[in-house]
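K.L.:
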Amino acid sequence: MAQGNLKLSKKKAARVTKHQKNPKAAAPKIYKSKHVSTKEKQVQKLTKQHQAKLISSTEKLISSRVGHLELLKGDRRTLEKEERLREQAKATKAKAASGK
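All the letters of the sequence shown, read from the start, carry residue numbers 44 to 143 under this note's numbering.
1. I need the straight-line Cα distance from Ala70 to Lys82, nearest angstrom please.
2. Could you check if Thr81 belongs to the surroundings of the ligand PLP, using beta carbon to heavy atom distance under 8 angstroms?
3. Going straight from the alpha carbon of Arg129 to that of Lys77, what length do you get?
4. Is Val79 near Gln92, with beta carbons less than 9 angstroms apart?
5. Rounding to the nearest angstrom, what Cα-Cα distance links Lys72 and Leu122 in this structure?
6. Under a three-way DSSP split, which group does Leu51 fall into?
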C-alpha cells in the first residue's frame with residue numbers, strides 16, 4: 044500500500060485551450076417555446092407595467108427626499124406642446140378679458 048506524496052499546491056483555474064473546440068457546448072441549455080401562449084403574454088405585459096410603476100414611484104420618492112430633482116413626464120416634444128397650449132390658453136383669456 045504505497046502512497047504518493049501529498050499534493051499541497053492548489054489546482055490552477057480551468058481555462059479554454061485551443062484543443063477544446065466549443066466550450067459553449069458545455070453550458071446549460073435553456074429551452075424556450077417559439078409560440079408564447081396568451082397567458083404568458085399577459086404575464087409579461089403585467090410585469091412590464093409593474094416595473095414601470097415601481098421605477099416611477101421610486102423616482103418620486105427619491106426626488107421628494109432630495110428635493111431638487113426634477114421629474115419630467117413624457118418626452119421633450121410633448122412637454123413643449125403642452126407648454127405652448129397653456130400659453131395659447133392664457134393669451135385667449137387675456138384677449139377675452141380685454142375685449143369686455
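Built from N, CA and C at the ideal position, the CB exists for glycine as well.
P.N.:
Taking the structure as given:
1. Ala70 and Lys82: Cα-Cα distance of roughly 30 angstroms.
2. Absent from the structure shown: the ligand PLP. Ligands present: none.
3. 49 angstroms
4. No; because the gap between Cβ atoms is not below 9 angstroms, this pair is not in contact.
5. 46 angstroms
6. coil
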